[in-house]
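Residue 37 is where the sequence shown starts when you use this note's numbering, and the numbers rise one by one after that.
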Amino acid sequence: MLLSDLQTGEEGVVIRVAGHGHFRKRIIEMGFVKGVKVKSILNAPLNDPIKYRIMNFEVSLRRNDASKVEIVTLEEAEEWLKKDIIEQPPLPCDDRPAVERLAEIRTHTINVALVGNPNCGKTSIFNIAAHAHEQVGNYSGVTVDEKVGTFQYGGYTFNLTDLPGTYSLSAYSPEELYVRKHLIEKMPDIILNVVDGSNLERNLYLTTQLIDMDITIVMALNMYDELKKSGDNLDIEQLSTLLGMPIVPTTGRSGEGINLLFDKIIEVFEGRDTITRHIHVNHGSDLESCIRQLRTELYEHGFSDKLSTRFLAIKLLENDKQLEDYANQHDPDGSVITMRNQIAEGFQKSSGRRLVKNTEDSGHKVDVETEHQDIESAITDAKYSFIRGALAEVYQKNTKSNPHSLTDKIDVLVTNKWLGYPFFLIFLFITFFFTFAIGQYPMDWIDSLFSWFGDTVSNAMPDGPLRSLIVDGIISGVGSVIVFLPNILILYLFISFMEDSGYMARAAFIMDKLMHRMGLHGKSFIPMIMGFGCNVPAVMATRTIEDRKSRLLTMLIIPMMSCSARIPTYMILVGAFFNRHAALILTGLYVFGMIMSVVMAKLFSKYFVKGESLPFVMELPPYRMPTSKAVLRHTWEKGKEYLKKMATIILAASVIIWALGYFPNHNRYDTAKEQMENSYLGNIGKVIEPVMKPCGFDWRQSVSLLAGTAAKEVVASTMGVLYASAEEEAIIEEEGFESDEGSLRISQLVRNNMTPLSAASMLIFILLYMPCFSTIIAIKNESGKWKWALFTVCYTIVLAWIVSTLFYQIGMLII
Ligand code: GDP
Ligand code: MG
Numbered sequence: 037m038l039l040s041d042l043q044t045g046e047e048g049v050v051i052r053v054a055g056h057g058h059f060r061k062r063i064i065e066m067g068f069v070k071g072v073k074v075k076s077i078l079n080a081p082l083n084d085p086i087k088y089r090i091m092n093f094e095v096s097l098r099r100n101d102a103s104k105v106e107i108v109t110l111e112e113a114e115e116w117l118k119k120d121i122i123e124q125p126p127l128p129c130d131d132r133p134a135v136e137r138l139a140e141i142r143t144h145t146i147n148v149a150l151v152g153n154p155n156c157g158k159t160s161i162f163n164i165a166a167h168a169h170e171q172v173g174n175y176s177g178v179t180v181d182e183k184v185g186t187f188q189y190g191g192y193t194f195n196l197t198d199l200p201g202t203y204s205l206s207a208y209s210p211e212e213l214y215v216r217k218h219l220i221e222k223m224p225d226i227i228l229n230v231v232d233g234s235n236l237e238r239n240l241y242l243t244t245q246l247i248d249m250d251i252t253i254v255m256a257l258n259m260y261d262e263l264k265k266s267g268d269n270l271d272i273e274q275l276s277t278l279l280g281m282p283i284v285p286t287t288g289r290s291g292e293g294i295n296l297l298f299d300k301i302i303e304v305f306e307g308r309d310t311i312t313r314h315i316h317v318n319h320g321s322d323l324e325s326c327i328r329q330l331r332t333e334l335y336e337h338g339f340s341d342k343l344s345t346r347f348l349a350i351k352l353l354e355n356d357k358q359l360e361d362y363a364n365q366h367d368p369d370g371s372v373i374t375m376r377n378q379i380a381e382g383f384q385k386s387s388g389r390r391l392v393k394n395t396e397d398s399g400h401k402v403d404v405e406t407e408h409q410d411i412e413s414a415i416t417d418a419k420y421s422f423i424r425g426a427l428a429e430v431y432q433k434n435t436k437s438n439p440h441s442l443t444d445k446i447d448v449l450v451t452n453k454w455l456g457y458p459f460f461l462i463f464l465f466i467t468f469f470f471t472f473a474i475g476q477y478p479m480d481w482i483d484s485l486f487s488w489f490g491d492t493v494s495n496a497m498p499d500g501p502l503r504s505l506i507v508d509g510i511i512s513g514v515g516s517v518i519v520f521l522p523n524i525l526i527l528y529l530f531i532s533f534m535e536d537s538g539y540m541a542r543a544a545f546i547m548d549k550l551m552h553r554m555g556l557h558g559k560s561f562i563p564m565i566m567g568f569g570c571n572v573p574a575v576m577a578t579r580t581i582e583d584r585k586s587r588l589l590t591m592l593i594i595p596m597m598s599c600s601a602r603i604p605t606y607m608i609l610v611g612a613f614f615n616r617h618a619a620l621i622l623t624g625l626y627v628f629g630m631i632m633s634v635v636m637a638k639l640f641s642k643y644f645v646k647g648e649s650l651p652f653v654m655e656l657p658p659y660r661m662p663t664s665k666a667v668l669r670h671t672w673e674k675g676k677e678y679l680k681k682m683a684t685i686i687l688a689a690s691v692i693i694w695a696l697g698y699f700p701n702h703n704r705y706d707t708a709k710e711q712m713e714n715s716y717l718g719n720i721g722k723v724i725e726p727v728m729k730p731c732g733f734d735w736r737q738s739v740s741l742l743a744g745t746a747a748k749e750v751v752a753s754t755m756g757v758l759y760a761s762a763e764e765e766a767i768i769e770e771e772g773f774e775s776d777e778g779s780l781r782i783s784q785l786v787r788n789n790m791t792p793l794s795a796a797s798m799l800i801f802i803l804l805y806m807p808c809f810s811t812i813i814a815i816k817n818e819s820g821k822w823k824w825a826l827f828t829v830c831y832t833i834v835l836a837w838i839v840s841t842l843f844y845q846i847g848m849l850i851i
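Here you go:
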């Protein structure tokens, strides 16, 4: 009987709480645990919530929640007792009240459903466990409907249901529908997922769908004899941690492992096992955001109690007709389905990809076709990526495996223990080479365009504040940043390509061991690489890291990953002093940032970020040659953000910096240099100069760095404004201007006002010091706490100051 049916004044004993996730947890936390006595105080038909007395205090429970609690009542017990006496004598020396005895029996009853692919050995296990003689056959479709077997084991009564074999839980075949219906409506206590150990990849696909349903699963790794015979190596313990479910090896033919299997089921049923946890099969950020969106909609329509909303959302996105009907029944105005259609359409539009297919039979033939991937097949792909990732970690094939798919062939090379790293370094080097060396040419064109533009405006306008605002403020400031657009686009082009092709996931995979030593996870690596583009999406990408500790750590160290907004300043400083060794110095800087991030991660994981980190699966999607269209679109989307920043933050900052430098008393001084020094800006610079002096910075550098806290490009634009005003002095060295082609105008201005050592120190400071505002906000949002955002600000500033100071002071001693 259900708790919601308990009439006012009646009593009962709780025997089971159904449902899942935090809804179930909430009910249990209110005190509705097995064996507890509960009395209904007020339950009128239209009353919601219902009032109960439990353990001497009153609680009210929504009718909906109460219907998930199963109880036995006094009446039921009495009836049972009567029957009991007639049919079988009551147990001797048991003088407890009937209701307690009945409750005891009921709470020691475990409903188990066998779920698995056809032919994986479900019926064999069923027969051994239930001492039954159902037909076992080596072809699929033997079990057409369910068979229930009841038996006693370990002090418990098991109701074991043998369900038809299925490859999936979609609504395509009657078997699939049947199994799904059973799981949803009968809500077995434990799902026994039988898996053919000699065919793991295909079998685990069903497992990923069971995981989506958020139900309690125990896995029987069947055909274990064959797995052993094949000589393949499977790390069962690791796999069960990754999947969040206990796995017991069994041999259905001989019965080996079956007792251990049911021991494990009892352990899980009683909540004594430590491995069971609810994991999410990660479908990749695009799909996950689709799922999240639809899930929110489902929550709002009150879909939360019968089915896991995550499962429902995924199935709806897969176009599941049956669940679509179910959704429509509960949401007659159809807004859920409308939403689903919008999401699916949006996804398909944005997924222009070229599939590299390998036709199985011809072995080597490679088909290349362009297609828009629909969301349904994208979900299937993501699930196989998850499985491939899990197996790559725990499974070694015995034979010198001859991989047949293209993906396998590439993976043999790219994820090789030794070859993987050089491959990765080569990819990284190519990326930076193109970004900086090839990017130089368009950069020079844009630079000369802007200086021509500045000169033209300068000649066309009369002297005065307006001309100064336009030429020295806007054109200098914005121009000094916009010239780097080509570099940034090239960098994004490479990052997009690595992401879309599937290589990034492999890079993460080979980095996993290394990352673990620093308290991070291989998956941290993708956000870190993305950080080279921009720290904000990088911080958001940490969402794919399931483990809280690794996620937080990754977020905290992302600011050390040198984002593209810092490129302008690097180029100015490197161009001014170290032009000969530009590539070397820049690569060195990036590497230094990575080393610092690693050191910090190690430090934080030891002292600040506490907690165990749990292993989880890294997905390995199949390789795809991304379409140029998709890569270009991703690149452009990011480039657009950059331009938008130009038109807003950087434009505003340039004007403000210009004004602070122009006023007050503009006409009182003879030289621009004197004017600058006595302006508001000069004064601010002078105030902070003493603090920055140990790092080797004068007031101009200090002001630039201060301004850069808004956005890192502003360091460059501020330098553009500040040093442009020093042009008068620099013009004397006009010849130097012409003779040094390929070097930026602003670099030449800087060269006259800074020492190489101080410039190098500034490079380090910019690399390390506080992230821009947007990144700080992103860290706050993703970590959920201001604490961590502020922590990041503080530690980066302190770190930058210490390292720059050490560098500068030691440099002074040597030089
Ligand atoms: P079902 O379709 O999942 O119910 O699978 P069955 O129980 O009908 O078994 C299919 C075939 O696999 C039968 O021929 C069984 O004898 C065989 N089988 C079941 N379990 C094992 C096992 O652990 N090892 C081996 N080698 N064969 C098994
Ligand atoms: Mg069967």
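Glycine included, each C-beta is placed from N, C-alpha and C at the ideal position.
| Asked | Found |
| --- | --- |
| With a threshold of 7 Å, establish whether the CB of S266 neighbours any heavy atom of ligand 1. | no |
| Pick helix, strand or coil for E582, following the three-state DSSP scheme. | coil |
| Looking only at its own chain, which residues have a Cβ that is under 7 Å from the Cβ of F460, when we skip the five neighbours before and after it? | A543, I546 |
| Does the beta-carbon of W694 have 16 or more other beta-carbons within 10 angstroms, so that it is buried, or is it exposed? | buried |
| Excluding the 5 residues flanking S204 on each side, which residues of the same chain have their C-beta closer than 7 Å to its C-beta? | E212, Y241, L242, Q245 |
| So, at 6 Å on beta carbons, what are the nonlocal neighbours of T859 in its own chain, with the 5 sequence-adjacent residues on each side left out? | Within the shown structure, residues of the chain are numbered from 37 to 851, placing residue 859 beyond reach of any answer. |
| Considering Cα atoms alone, identify which of K823, I227, A541, S421 is closest to F305. | I227 |
| Rounded to the nearest angstrom, what separates G721 and I833 at their Cα positions? | 17 Å |
| With a threshold of 7 Å, establish whether the CB of G280 neighbours any heavy atom of ligand 1. | no |
| Taking N229 as part of the beta strand (DSSP E), name the residues at either end of that continuous run. | 226 to 232 |
| Do E18 and K73 have their C-beta atoms closer together than 8 Å? | For the chain, the structure presents residues 37 to 851; residue 18 sits outside this window and is missing. |
| Where does L758 sit, in a helix, a strand or coil, going by DSSP? | helix |
| In the DSSP assignment, the beta strand (DSSP E) including E47 goes from what residue to what residue? | 47 to 53 |
| Considering Y844, what are the terminal residues of the alpha helix (DSSP H) in which it resides? | 822 to 850 |
| Please confirm whether L353 and I327 have their CB atoms less than 8 Å apart. | yes |
| Which value, in whole angstroms, describes the spacing of the CA atoms of D271 and V184? | 33 Å |
| Could you tell me if V448 is buried or exposed, where buried requires 16 or more neighbouring beta carbons within 10 angstroms of its beta carbon? | exposed |
| What's the C-alpha gap between I815 and K351? | 32 Å |
| Just reading off the alpha helix (DSSP H) that F422 is part of, what are its end residues? | 411 to 430 |
| From the DSSP output, in three-state form, read off I315 for me. | coil |
| Does V727 pass the burial test, meaning 16 or more other C-beta atoms within 10 Å, or should it be called exposed? | exposed |
| Taking buried to mean at least 16 other C-beta atoms within 10 Å of its own C-beta, is Y759 buried or exposed? | buried |
| Measure the alpha-carbon distance for T186 versus V148 and round it to whole angstroms. | 10 Å |
| Return the residue from the list N318, D322, R346 that minimises the CA-CA distance to R331. | R346 |
| Judging by CA-CA distance, which residue of E262, E303, T841 is the nearest neighbour of E292? | E262 |
| Which residues does DSSP list as the beta-bridge partners of L38? | E106 |
| Using DSSP's beta-bridge definition, name the partner residues of G185. | L196 |
| Regarding T277 and ligand 1, is the C-beta to nearest heavy atom distance less than 7 Å? | no |
| State the Cα-Cα distance for the pair Y335 and L348, rounded to the nearest angstrom. | 11 Å |
| Going by the C-beta, is G338 closer than 7 Å to any heavy atom of ligand 1? | no |
| At a threshold of 7 Å, does R542 count as lining ligand 1 (C-beta to nearest heavy atom)? | no |
| Going by DSSP, what residue range makes up the beta strand (DSSP E) through M255? | 253 to 258 |
| For P285, which residues does DSSP report across the bridge? | L257 |
| Could you check how far apart the C-beta atoms of F644 and D583 are, in whole angstroms? I think they sit under 8 Å. | 16 Å between Cβ atoms; not a contact. |
| Return the residue from the list M654, K823, G697 that minimises the CA-CA distance to L279. | M654 |
| Measuring CB atoms only, is the stretch 417 to 426 touching the stretch 627 to 639, in the sense that at least three cross pairs come out at less than 8 Å? | no |
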